[in-house]
Every structure is written in structure tokens, then in C-alpha cells.
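So the sequence shown is numbered by this note's numbering: it starts at 30 and just counts up by one.
Every residue, glycine too, gets a C-beta built ideally from N, C-alpha and C.
Contents: one structure, followed by commentary.
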Amino acid sequence: MAAKASEKKTDDKKKETKKENAWLTYSDATRKKLEKLTTDYKAFISKCKTERECVAESVAILEANGYADLKDCIAKNKKLKAGDKVYYNNMGKALAAFIIGKKPLEDGMVILGAHVDSPRLDLKQVPVYEDTEQVLLDTHYYGGVKKYQWVTIPLALHGVICKKDGSIVNVNIGDDENDPVFEITDLLIHLSAAQMEKSAAKVIEGEALNVLVGSEPLKGEDKEAVKANVLKLLKDKYGVEAEDFLSAEIEVVPAGKARDLGFDRSMITGYGHDDRVCAYTSLVAMLEVDKTDRTAACLLVDKEEIGSVGATGMQSLFFENAVAELVNLTGTYSELKVRRALANSVMLSSDVSAAFDPNFPEVFERKNTAYFGKGIVYNKYTGSRGKSGSNDANAEYVAKIRAAMEKHKVAFQTAELGKVDVGGGGTIAYIMAKYNMQVIDAGVAVLCMHAPWEIVSKSDVWEAKQAYVAFLKEM
Ligand code: MN
Ligand code: MN
Numbered sequence: 030m031a032a033k034a035s036e037k038k039t040d041d042k043k044k045e046t047k048k049e050n051a052w053l054t055y056s057d058a059t060r061k062k063l064e065k066l067t068t069d070y071k072a073f074i075s076k077c078k079t080e081r082e083c084v085a086e087s088v089a090i091l092e093a094n095g096y097a098d099l100k101d102c103i104a105k106n107k108k109l110k111a112g113d114k115v116y117y118n119n120m121g122k123a124l125a126a127f128i129i130g131k132k133p134l135e136d137g138m139v140i141l142g143a144h145v146d147s148p149r150l151d152l153k154q155v156p157v158y159e160d161t162e163q164v165l166l167d168t169h170y171y172g173g174v175k176k177y178q179w180v181t182i183p184l185a186l187h188g189v190i191c192k193k194d195g196s197i198v199n200v201n202i203g204d205d206e207n208d209p210v211f212e213i214t215d216l217l218i219h220l221s222a223a224q225m226e227k228s229a230a231k232v233i234e235g236e237a238l239n240v241l242v243g244s245e246p247l248k249g250e251d252k253e254a255v256k257a258n259v260l261k262l263l264k265d266k267y268g269v270e271a272e273d274f275l276s277a278e279i280e281v282v283p284a285g286k287a288r289d290l291g292f293d294r295s296m297i298t299g300y301g302h303d304d305r306v307c308a309y310t311s312l313v314a315m316l317e318v319d320k321t322d323r324t325a326a327c328l329l330v331d332k333e334e335i336g337s338v339g340a341t342g343m344q345s346l347f348f349e350n351a352v353a354e355l356v357n358l359t360g361t362y363s364e365l366k367v368r369r370a371l372a373n374s375v376m377l378s379s380d381v382s383a384a385f386d387p388n389f390p391e392v393f394e395r396k397n398t399a400y401f402g403k404g405i406v407y408n409k410y411t412g413s414r415g416k417s418g419s420n421d422a423n424a425e426y427v428a429k430i431r432a433a434m435e436k437h438k439v440a441f442q443t444a445e446l447g448k449v450d451v452g453g454g455g456t457i458a459y460i461m462a463k464y465n466m467q468v469i470d471a472g473v474a475v476l477c478m479h480a481p482w483e484i485v486s487k488s489d490v491w492e493a494k495q496a497y498v499a500f501l502k503e504m
């Protein structure tokens, strides 16, 4: 009887604590692991500020953990068996990692997916110009940004310049403490009477997002001497000409490292939590799972912020092609097996959620909102207006996820993106659902989403990783 009573008490406690702040549940040992994970994560997002950098670093991490390049296996027709680990690097901007399961691929995969592109400003193809002895770089913004947030902050340039001879120059200026930084100007308040009357959408226009990069003229040059000086520096340091920007991808991103936020250091402010916080934790979860019944997959994709289009976005067939190669290398290829492998899969489509912001309570509906410290967020549906464009996961699938989370004592919450009709958003979930697989949106709650510096709770980062491990083991 006593045992029963205490069992009941535990159950009640569990119910009460479902929405309990996750911080209150951690042992000292867990806190240590949490601190290690979030320290590593801060280092990852401080170093990786483009999709290319995220993929390169992820490949390095995977290789260090015994993953082989699937392209090598394809070239050598090397057969794969349960427990083998491979990755498929798609053009250096998207990545699929697999742990081959004991069961055949036709039984489906357990898939984690997230995106590694983040909102930013891209340099135009012809970016460099001089105006009144200042040199500026013209940009075109990428993804949904509040343009006024990108002025008067230190900026860095990350990317590649691809030259005609086939060589590639990696650009990374502004994040080393000895580097210079760059900046977009805003109008001084003293002369802003007219500007201050404008709407926030117009106060800084897209075409005005020009990055200041130089002001010293080259001696002995009569025409556009400041531009000539900047181009000379680029030629001397990187061996590139102005024309080489035609075949370059340079991203203007906030300069500086991700840092602890708050007296209690419970949060992280950093660039690109959307969606590297889900990407990094998904990758770490893969490393923590050694063998799985069904094949485990982790997808880190590009172009989500602009509709998942292009060869490196989720709408590309690269993942389907990689699965076809796996079917071939684990047995005999057939299209039917590929279709079954995809249709029988389950997926967590991970992307960040809007965290409740007490400064803007009017856009949230408190019962169906994500909060800091309450764990990974499941969004049964996203979309806008009448759930338009939403994947809307099946209730049967949501029930299985709940059971897996509770079994592994993972803190989780459910949420919508704000009140009905105040806005909306989408993810890669609906694209994967086309294969007839079960997909649900999941992720980490973020404050200031899409701002140069976004904020997450360390405990939510930890719970996301725990959730991904639980998903890979249970589903
Ligand atoms: Mn996102
Ligand atoms: Mn986003």
C-alpha cells in the first residue's frame, strides 16, 4: 500500500510539473552536461555564420565521429551494413547524415531535420561603389528582416569568392578581434524629423542597406581614389578583382561572438539561433546514438528562409537521391523500396518557435504559446490565417511523440505562432510530408527571432537535444 501511495504521489507530481520550469528539475550532474552542451553550441554559432560554414564544421564533427563520405562509398560501390555511419554533403550548403539501422530501409527512417541558413544581407553581384569619398557595398537582404535592426551595429563579412581559374577564396573578416568591422549608417536623430514620421517598414529601405567599408583615398589616383584603395587592398590581400564579386557569395552578418545573457547566465544571445540551435542539437543527438533499429537521419538544409527552393533547399531531390543510394548500397535497388523508405519514415522538422515576450503580450495567446525554460516546443501546425500552408501533424503521431518524451523525461510544451490572424510562418515540414511520412514541427523557443541578436534559454537548448535523442531511440 505504501508503495502504491508513493507511486501515486510521483504521478501527481509529474502532472503538476509538466509545465514546471525545467531549470528546477536538474541535478548538478545534468547542469554540468547542460553547460558543456551550451558552451559548445556558443562556439559553433560564433564560428559558423553561414550555411557553408555550418556544413563544413558539421562535416568535420561527423568525420571525427566515424562518419564516412557517402560519395566515396558510391564511387567504390562499398556496401553498407547496420551501424555504418555516412554523410552526404550537398554542394557544401546542405547535409544529410545517416546511421544505417538494423531494419531494412523500406521500414522507414527516423529523421531529424533543421535548417542552417539564417536571415542576413547578401552582397549584390556588383556591390562596390564610391560616393563622396566613401566606399560602400550594396546588399540585397535574405529572408525576413526588420531592416532598421541592421544599422549602426558592427558587421562581419563571411563567404566565398569563386575565381575564373576555379580557385575559391574564403572570406571571413570582422569576427577576429584584430579584424576591422563594417557598419551601415543611420540618420542622426537631430536631422530625423521626416524619417521619424515613417512606418517601421520604411524607416530604413532595403536599397539603403549599404555597408560602409572605406574612406581613405589611394595616393596619385584622380578618379574614385577611395574605391581604388579598397580594391587595391582586396587585390593585395585576397588576390581578387572587382569583377570577381560576380561569382561570389558574401554574407553580411553581425560581428561578434554568442554570449551568456542575464545575471544568472541562463540565456544565450547570438546570431543565427534560427535555426542553428535546432541544427546543432540534432547533430549532437546523432553523435549520442550509436546503433538504431531503423536508419537514423539528420538533415541540415539551406534556403529555408526563402522558401526551401534551389538545389540546396529542402525542395531539392538531394535527400531522396541520397536515400536511393542508400537503398542501393544496403541491398538491391528498387524505386519501390525508396518510396517505402520515405513513406514509412517519421520526422521531427525542427525550427525555432516564438517565445512569449512580456514586452509584447498582445500578439500571444497564453495557453498556446512557448515559454523559456519549458522545454522543446511542438507545433502541431504552423501556417497563417486558417492554418494555410501548414503541415498539421496527425493526432496519432503527436500521441506517440508525447509518450516518447515522457518516457525519457524530456521537458516539452506545445505552441502556436502567436494569436490567430496576427501573422504566421512556415517550415520544411510540408515538403517532407509530401512523401507521405509523419512529420511534426518541433524546436527551441526564441526571443527577437530574425533580429541580428536572437535569444534562447540554455535549458531549452538542452531539452531539445534530449528530445532528439529520445526521438531517435523511441520512434
Ligand atoms: Mn527557421
Ligand atoms: Mn526563420
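Assignment of alpha helix (DSSP H) within the segment 76–159, counting only whole runs of 4 or more residues, yields 80–93 and 99–105 in chain order. Taking non-hydrogen atoms of ligand 1 into account, the C-beta of residue 304 is found less than 6 Å away from one of them. In this structure, DSSP gives residue 165 an extended state, which the three-state scheme calls strand. Residue environment: residue 244 is assigned as exposed (fewer than 16 neighbouring CB atoms within 10 Å of its CB, all protein chains considered).
The Cβ atoms of residue 483 and residue 475 sit closer than 7 Å to each other. Closest option to residue 50, judged by alpha-carbon separation, among 487, 90 and 497: 487. Comparing C-alpha distances from residue 170 to each of 193, 152, 304 and 64 shows the shortest one belongs to 152.
By the Cβ-count criterion, residue 338 is exposed, with fewer than 16 other Cβ atoms from all chains shown falling within 10 Å of its own Cβ. Counting along the chain, residue 350 sits inside the alpha helix (DSSP H) bounded by residues 347–359. Considering only 73, 504, 335 and 105, the residue with the shortest C-alpha distance to residue 426 is 504. Residue 148 sits close to residue 172, with the two beta carbons spaced by under 7 Å. Within the chosen limit of 6 Å, ligand 1 does not reach the beta carbon of residue 489 with any heavy atom. In this structure residue 154 is exposed. Its beta-carbon is surrounded by fewer than 16 other beta-carbon atoms within 10 angstroms. For residue 327, the pairing in a beta bridge is given by DSSP as 126 and 141. DSSP places residue 317 in no beta strand (DSSP E) but in the uninterrupted alpha helix (DSSP H) bounded by 302–317. Proximity to residue 343 across 383, 146 and 263 peaks at 146, based on C-alpha coordinates.
Cβ atoms of residue 307 and residue 493 come within 8 Å of each other, at about 6 Å. For residue 395, no beta strand (DSSP E) run applies, since DSSP gives it neither H nor E.
In this structure, the alpha-carbon of residue 179 lies about 26 Å from that of residue 85.
At the C-beta level, residue 74 and residue 447 stay beyond 7 Å of one another. Ranking 82, 362 and 377 by CA distance to the CA of residue 103 puts 362 first. Here residue 373 carries a coil assignment [DSSP, helix/strand/coil].
The C-beta separation of residue 67 from residue 297 comes to about 6 Å, placing the pair in contact by the 8 Å criterion. Separation of the CB atoms of residue 127 and residue 326 is rounded to 5 Å, and the pair is thereby assigned contact status at 8 Å. Distances from the CB of residue 483 to the heavy atoms of ligand 2 are all 6 Å or more. Counted as a single uninterrupted DSSP element, the beta strand (DSSP E) harbouring residue 241 occupies residues 239–243. The count of Cβ pairs closer than 8 Å, one atom from the segment 270–287 and one from the segment 184–201, reaches three, so the stretches are in contact. Here the alpha carbon of residue 394 sits roughly 26 Å from the alpha carbon of residue 228. Of the heavy atoms belonging to ligand 1, at least one sits nearer than 6 Å to the Cβ of residue 380. The closest CA to that of residue 195, considering only 257, 273 and 223, is found on 273.
Across the set 292, 220 and 150, the C-alpha of 150 shows the shortest separation from the C-alpha of residue 480. In the three-state reduction of the DSSP assignment, residue 472 falls in the strand class. When distances are taken from the beta-carbon of residue 334 to the heavy atoms of ligand 2, the shortest one is below 6 Å. In the structure shown, residue 199 adopts extended strand secondary structure according to DSSP, grouped into three states. Sequence-distant Cβ neighbours of residue 258 in its own chain, meaning closer than 7 Å and more than five residues away, are 243, 245, 246 and 247.
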